[in-house]
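One structure below.
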Amino acid sequence: MEAKEAAKKAAIAALDKKAEGIEVYDLKGVSSVTDYFVICTGSTDVHCKAIYNNIADELKTDNVRPNHVEGVSASRWILMDYVDFVIHIFQPSVREFYGLERIWGDVACEVIDEGYYEN
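Numbering (this note's numbering) for the sequence shown: 1 to 119.
Dropping the structure here:
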């Protein structure tokens with residue numbers, strides 16, 4: 001599975017668990033660390049863990065597994081590193097504090113929301 005397709009599948013898995021503010025950033029040619037960021041918000045630690053579990057389960061069906069995961073126990077910011085794409089699941093205050101959107105705001109970004117299913 002290509003990184004772009006996997007990142008989008010992760011975003012849709014987050015949407016299926018009612019994540020908010022889901023954005024997929026194309027960092028190819030801009031970042032030497034990864035090609036895509038998926039950023040989303042869960043309202044509570046339980047919600048963030050549910051989003052995390054659904055993303056992991058959905059990607060696992062295509063034999064796509066993370067290289068590294070951080071933050072699951074506290075669930076304020078869960079980072080899932082798949083090398084070619086990285087998923088950030090934030091609680092609202094943490095997302096606002098770190099402001100990754102401000103850092104990467106000038107790269108191509110696709111918003112995934114309920115309207116995604118209408119397309």
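The beta carbon of each residue, even a glycine, is placed where N, CA and C say it ideally should be. Source: prediction; values computed, not measured.
Exposure of residue i, with buried meaning 16 or more beta-carbon neighbours within 10 Å
i    : result
K17  : buried
M1   : exposed
I103 : exposed
G42  : buried
V38  : buried
V86  : buried
S32  : exposed
Assumed close pair residue i, residue j - CB separation to whole angstroms, cut-off 8 Å
i    : j   : result
A19  : L59 : Incorrect: roughly 15 Å between the Cβ atoms, too far for contact.
V107 : L27 : 6 Å
N54  : A13 : 5 Å
C48  : I78 : 6 Å
Coil, strand or helix - residue i by DSSP
i   : result
D35 : coil
E23 : strand
Within 8 Å, strictly: CB atoms of residue i and residue j
i    : j   : result
I112 : A11 : yes
A3   : Y25 : no
Y98  : V72 : no
V69  : M80 : yes
T34  : V83 : yes
Cβ of residue i within 8 Å of any chain D Cβ
i   : result
D45 : In summary, chain D is missing from the structure at hand, where a single protein chain is found.
Query - Segments of 3+ residues assigned as beta strand (DSSP E) that fall wholly inside the region 60 to 119 - result: Correct list: 68 to 70, 77 to 81, 85 to 90, 109 to 112.
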